[in-house]
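**Q**
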Amino acid sequence: MHSSPDDELFDPPREIPDAEIYNFIPRDHVFYFKNTQTSWRMGVIQAEKFRIHEYERFGHTKDVSSVCVATQVEGPSPGTKAVMKIKAQMAPWTGDTSCADYLPITQEIFRELSVLEKLTEGGCSSTPRFIDFLAFEQDDDDPVPDGYFVVFLLEKLPGVLFVATDFLKELQLKTLYREFYSFRLSHRDPARRNIVRDEGTERCFIVDLEGVEELNHPVFSTPHFDPWSDFREWELCSAELDPDEANYDLMMPGPHEEIEDTDEALYALAARTKHISKPDGNVATKVK
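Under my numbering, the residues of the sequence shown are numbered 23 to 310, in order.
Here's what the structure looks like:
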């Protein structure tokens with residue numbers, strides 16, 4: 023299927039042989055990125071999803087987002103691997119697009135680009151580095167003439183899908199969240215599938231930033247790490263669907279526990295032998 027482990031994003035490997043994006047571009051297509059003056063050949067599509075976007079003035083549209091591993095074929099480092107995310111408009115806007123403030127691409131694309139640039143310029147080590155970006159209109163013989171077609175090129179990070187099993191990984195996640203939140207960002211699609219862990223460097227990364235929003239307005243406070251909400255919302259505990267089940271991850275804080283934002287609190291969670299899900303009387307159990 024793929025030439026080497028460096029070409030894989032998933033374990034076991036995945037491929038979508040009839041990916042929708044192939045209706046827009048051929049397999050093994052080579053993209054030239056002007057900013058970095060490099061050319062990259064796309065690999066097989068390993069993930070693909072569809073989204074509907076709605077705006078009051080322009081109506082709604084639909085696009086496809088496809089992900090693959092690309093290989094640099096021209097540039098300073100031939101053979102280098104990167105993650106390529108391709109988004110293509112699949113249907114025209116249903117509303118009026120003749121107004122002066124019409125945007126040819128969605129606000130979500132602008133937002134993702136802004137977040138990636140912010141994290142990269144700020145030196146964030148818990149997210150992929152932004153490399154380059156392409157945006158152009160589809161041709162007359164494409165599925166949506168004048169529709170948008172954009173390509174993100176991102177650093178390919180090492181790692182596998184995260185599985186919460188021991189305190190060391192919990193502490194690594196804490197480091198990840200602290201750094202991510204320090205940029206005043208909120209992830210609207212928190213899920214286990216968006217986190218990978220590299221066994222070699224013992225680090226965790228957030229790899230999908232499509233659902234991230236910037237909290238720039240003064241009314242928003244800077245988010246902070248909270249074991250109860252973060253582990254639950256990111257699906258990193260054993261029984262995400264029912265926190266009152268007996269087999270719930272022992273390290274997962276109970277709904278009535280007060281957890282201090284310290285490494286010692288996480289060590290205490292990791293060391294205990296039974297889950298505390300109910301308060302003692304009217305006083306919440308406190309881990310510190």
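Cβ atoms here follow ideal geometry from the backbone N, Cα and C, with glycine treated the same way. Quantities reported herein were computed from a predicted structural model and do not represent experimental measurements.
Taking only the alpha-carbon atoms, compute the straight-line gap between G144 and D248 and give it to the nearest angstrom.
**A** Mapped onto the sequence shown, residue 144 falls at position 122. Mapped onto the sequence shown, residue 248 falls at position 226. Looking at the two C-alpha atoms, the distance is approximately 23 angstroms.
**Q** Which of the three DSSP states, helix, strand or coil, is assigned to F202?
**A** By 1-based counting over the sequence shown, the position of residue 202 is 180. The answer is helix: DSSP assigns F202 an H, G or I state.
**Q** Determine, using beta carbons only, whether D38 and I108 come nearer to each other than 7 angstroms.
**A** Locating residue 38 in the sequence shown gives position 16, counting from the first residue. Locating residue 108 in the sequence shown gives position 86, counting from the first residue. The amino acid occupying residue 38 in the given sequence is Ile; Asp does not appear at that position. No; because the gap between Cβ atoms is not below 7 angstroms, this pair is not in contact.
**Q** Mapping DSSP to helix, strand and coil, what is L258?
**A** What you label residue 258 is simply residue 236 of the sequence shown in a count that begins at 1. Note: L258 maps to coil in three-state DSSP.
**Q** If I follow the unbroken beta strand (DSSP E) through I131, where does it start and stop?
**A** For the purposes of this step, residue 131 is taken as residue 109 along the sequence shown, with counting starting at 1. Taken as a continuous stretch (DSSP letters only), I131 belongs to no beta strand (DSSP E), being part of the alpha helix (DSSP H) at 129-143.
**Q** Please report the straight-line C-alpha distance between V137 and L176, rounded to a whole angstrom.
**A** In the sequence shown, the residue the question calls residue 137 occupies position 115. In the sequence shown, the residue the question calls residue 176 occupies position 154. Distance between the alpha carbons of V137 and L176: 13 angstroms.
**Q** Less than 8 angstroms between the CB atoms is what I'm expecting for D154 and T58, so what's the real figure, rounded?
**A** Sequence index remark: in the sequence shown, residue 154 carries index 132 (1-based). Sequence index remark: in the sequence shown, residue 58 carries index 36 (1-based). About 5 angstroms; that satisfies the 8 angstroms criterion.
**Q** Since R36 and D50 should fall inside the 8 angstroms C-beta cutoff, what is the C-beta to C-beta distance between them, to a whole number of angstroms?
**A** As a working mapping, residue 36 is identified with position 14 in the sequence shown. As a working mapping, residue 50 is identified with position 28 in the sequence shown. At roughly 18 angstroms, the Cβ-Cβ gap does not stay under 8 angstroms, so R36 and D50 are not in contact.
**Q** On the criterion of 16 or more Cβ atoms from any shown chain inside 10 Å, does K56 qualify as buried, or is it exposed?
**A** Position 34 of the sequence shown holds residue 56. Exposed.
**Q** I believe L31 touches A69 by the beta-carbon criterion, under 8 angstroms. Please report the beta-carbon distance rounded to the nearest angstrom.
**A** Mapped onto the sequence shown, residue 31 falls at position 9. Mapped onto the sequence shown, residue 69 falls at position 47. That belief holds up - the Cβ atoms of L31 and A69 are roughly 7 angstroms apart, short of 8 angstroms.
**Q** Using the Cβ count rule (16 or more neighbours within 10 Å means buried), how would you classify G101?
**A** Along the sequence shown, one-based indexing puts residue 101 at 79. G101 is exposed by the Cβ-count criterion.
**Q** Under 7 angstroms between the Cβ atoms of T116 and G81?
**A** For the purposes of this step, residue 116 is taken as residue 94 along the sequence shown, with counting starting at 1. For the purposes of this step, residue 81 is taken as residue 59 along the sequence shown, with counting starting at 1. For T116 and G81, yes; Cβs fall inside 7 angstroms.
**Q** Look up K107 in the DSSP assignment and say whether it is helix, strand or coil.
**A** Counting from one through the sequence shown, the residue named residue 107 turns up at place 85. Strand, per DSSP.
**Q** Looking at the unbroken beta strand (DSSP E) that takes in R226, where does it start and where does it end?
**A** Counting from one through the sequence shown, the residue named residue 226 turns up at place 204. According to the sequence as given, residue 226 is Cys; it is not Arg. Element bounds for C226: 225-228.
**Q** Going straight from the alpha carbon of E232 to that of P212, what length do you get?
**A** Residue numbering aside, residue 232 sits at position 210 when the sequence shown is read from its first letter. Residue numbering aside, residue 212 sits at position 190 when the sequence shown is read from its first letter. So the two alpha carbons sit approximately 11 angstroms from each other.
**Q** Quick one, which of D163, E224, A157, T244 has its alpha-carbon nearest H209's?
**A** If you number the sequence shown from 1, residue 209 lands on position 187. Comparing Cα positions, the closest option is T244.
**Q** Please state the DSSP three-state secondary structure of W115.
**A** Residue mapping note: residue 115 aligns to position 93 of the sequence shown, counting from 1. Residue state, collapsed to three classes: coil.
**Q** Within the same chain, show all residues whose beta-carbon is closer than 6 angstroms to that of L195, passing over the 5 residues directly before and after it, in chain order.
**A** Along the sequence shown, read from residue 1 onward, the residue named residue 195 stands at position 173. Closer than 6 angstroms at the Cβ level, and outside the excluded window around L195, lie C226.
**Q** Taking all protein chains shown into account, do 16 or more other C-beta atoms lie within 10 angstroms of the C-beta of E139, making it buried, or fewer, making it exposed?
**A** Stepping through the sequence shown from its first residue, residue 139 is reached at position 117. Looking at its Cβ environment, which holds fewer than 16 other Cβ atoms inside 10 Å, E139 is exposed.
**Q** State the DSSP-derived secondary structure class of I43, mapped to helix, strand or coil.
**A** Reading the sequence shown from its first residue, position 21 is the one you call residue 43. Three-state DSSP puts I43 in a helix.
**Q** Would D162 be called buried (16 or more neighbouring beta carbons within 10 Å of its own) or exposed?
**A** Along the sequence shown, one-based indexing puts residue 162 at 140. Classification of D162: exposed, given that the 10 Å Cβ count is below 16.
**Q** Would you mind giving the Cβ-Cβ distance between A113 and K71, rounded to the nearest angstrom? I have them listed as a contact below 8 angstroms.
**A** For the purposes of this step, residue 113 is taken as the residue at position 91 of the sequence shown. For the purposes of this step, residue 71 is taken as the residue at position 49 of the sequence shown. Not quite, the Cβ-Cβ distance comes to about 15 angstroms (not below 8 angstroms), so this is no contact.
**Q** Spell out the partners DSSP gives W62 in its beta bridges.
**A** Counting from one through the sequence shown, the residue named residue 62 turns up at place 40. According to DSSP, which records beta bridges pairwise, W62 is partnered with F53, Q94.
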